[in-house]
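**Student:** Here you go, one structure.
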Amino acid sequence: MLKLDDVCLYYGRVHALRGISLEVPEGRIVSLLGANGAGKSSTLKVISGLCAPQSGDVRLNGESVQGRSCGDLVKNGVIHCPEGRRVFPQFTVEENLRVGAYRRIGNKDVDEDMETVFGYFPRLKERMQQKAATLSGGEQQMLAIGRSLMGRPRLLLLDEPSLGIAPKLVMEIFEILKRINKAGTAILLVEQNAHMAIRISDYSYVLENGRIGLEGDSAEISQRPELKELYLGG
Numbered sequence: 013m014l015k016l017d018d019v020c021l022y023y024g025r026v027h028a029l030r031g032i033s034l035e036v037p038e039g040r041i042v043s044l045l046g047a048n049g050a051g052k053s054s055t056l057k058v059i060s061g062l063c064a065p066q067s068g069d070v071r072l073n074g075e076s077v078q079g080r081s082c083g084d085l086v087k088n089g090v091i092h093c094p095e096g097r098r099v100f101p102q103f104t105v106e107e108n109l110r111v112g113a114y115r116r117i118g119n120k121d122v123d124e125d126m127e128t129v130f131g132y133f134p135r136l137k138e139r140m141q142q143k144a145a146t147l148s149g150g151e152q153q154m155l156a157i158g159r160s161l162m163g164r165p166r167l168l169l170l171d172e173p174s175l176g177i178a179p180k181l182v183m184e185i186f187e188i189l190k191r192i193n194k195a196g197t198a199i200l201l202v203e204q205n206a207h208m209a210i211r212i213s214d215y216s217y218v219l220e221n222g223r224i225g226l227e228g229d230s231a232e233i234s235q236r237p238e239l240k241e242l243y244l245g246g
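Numbers in the working numbering are just positions in the sequence shown, counted from 1, shifted up by 12.
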């Protein structure tokens, strides 16, 4: 479905990504792990069109998407749920969700998709007319994921969903991610919580200083001693 081939990215003189190659097959969960500053979020920004790489290629379903706008990628089912949730604080839960379907405003199936989101996150339905600023951190993360689902992603780029959330809610959100995946959405998951990410993913990559230092089936990679060394910057 998605393939990165030898992608390099610079921020000025800073070499953020150093020849990243990875794949996300149709219908799978792939995790992207690593310490802070390893290049995880930069990888997602390249895929979603927020950053243009200096070299390499990004292909979606066999076609290069280099130079295509973020809006065009959204239209083709690539949805980026960013780190820090980024909900609109003065909008209600319902308004935030409708923003996620901005390319389909006026389409009658938007309301049906909202009910699908409420099926995953019943708490959001209870708080439909509440402003996002009044929600807890975990509820805001649910809203951010729900807003992304309103765009009907074929590939969901999910950046640090457990950040700043109570452990009980983290478990709940990760269980919901498995349900979303089983419903047909592929997920590329960037996550500091390596244990949780590996547990729900099919395949894992570990970044170190902008390079892939380790990769493999998640069940197998969790047993390898190199994982701890790379993840802790060893």
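We put the CB at the ideal spot given by N, CA and C, even for glycine.
These figures come from a predicted structure and were not determined experimentally.
Evaluate residue 196 with the Cβ neighbour count: other Cβ atoms within 10 Å of its Cβ, from every protein chain shown; 16 or more gives buried, anything less gives exposed.
**Tutor:** Exposed is the call here.
**Student:** Consult DSSP for residue 230 and reduce its assignment to one of helix, strand or coil.
**Tutor:** Three-state result, residue 230: helix.
**Student:** With a 10 Å radius around its C-beta and 16 neighbouring C-beta atoms as the bar for buried, classify residue 46 as buried or exposed.
**Tutor:** Classification for residue 46: buried.
**Student:** In this structure, does DSSP put residue 196 in helix, strand or coil?
**Tutor:** Coil.
**Student:** Could you check what DSSP says for residue 236 in three-state terms: helix, strand or coil?
**Tutor:** DSSP places residue 236 in coil when its eight states are reduced to three.
**Student:** Measure the alpha-carbon distance for residue 170 versus residue 92 and round it to whole angstroms.
**Tutor:** Between residue 170 and residue 92, the C-alpha separation is close to 6 angstroms.
**Student:** Excluding the 5 residues flanking residue 266 on each side, which residues of the same chain have their C-beta closer than 7 angstroms to its C-beta?
**Tutor:** In the structure displayed, the chain extends from 13 to 246; residue 266 sits before or after that span and is not available.
**Student:** Restricting to Cα atoms, I'd like to know which of 14, 16 and 52 is closest to residue 206.
**Tutor:** When each option's Cα is compared against that of residue 206, the closest is 52.
**Student:** Give me the residue from 80, 49, 75 and 186 with the minimum Cα distance to residue 61.
**Tutor:** Selected option, being the one with the closest Cα: 80.
**Student:** Give me the Cβ distance between residue 70 and residue 78, rounded to the nearest whole Å; I'm assuming they're in contact under 8 angstroms.
**Tutor:** Indeed, because the Cβ distance is near 6 angstroms, the residues count as touching under 8 angstroms.
**Student:** In terms of alpha-carbon separation, which member of 176, 30 and 181 lies closest to residue 133?
**Tutor:** Comparing Cα-Cα distances from residue 133 to each of 176, 30 and 181, the minimum goes to 181.
**Student:** Please look up how many angstroms separate the CB atoms of residue 188 and residue 150, rounded, as I've assumed it's under 8 angstroms.
**Tutor:** About 11 angstroms separates the two Cβ atoms, so there is no contact after all.
**Student:** Grouping DSSP H, G and I as helix and E and B as strand, with all else coil, what is residue 176?
**Tutor:** Three-state result, residue 176: coil.
**Student:** DSSP state of residue 71, grouped into three classes?
**Tutor:** Strand.
**Student:** With residue 124 as the anchor, note down where its alpha helix (DSSP H) starts and where it stops.
**Tutor:** Looking at the DSSP string, the run of the alpha helix (DSSP H) that includes residue 124 is 121–132.
**Student:** Over the uninterrupted beta strand (DSSP E) stretch that includes residue 30, give me the two end residues.
**Tutor:** Its beta strand (DSSP E) spans residues 26–36.
**Student:** Buried or exposed for residue 153, please, with buried defined as at least 16 other CB atoms from any protein chain shown within 10 angstroms of its CB.
**Tutor:** Looking at its Cβ environment, which holds 16 or more other Cβ atoms inside 10 Å, residue 153 is buried.
**Student:** In three-state DSSP terms, what is residue 77?
**Tutor:** It is coil, neither helix nor strand.
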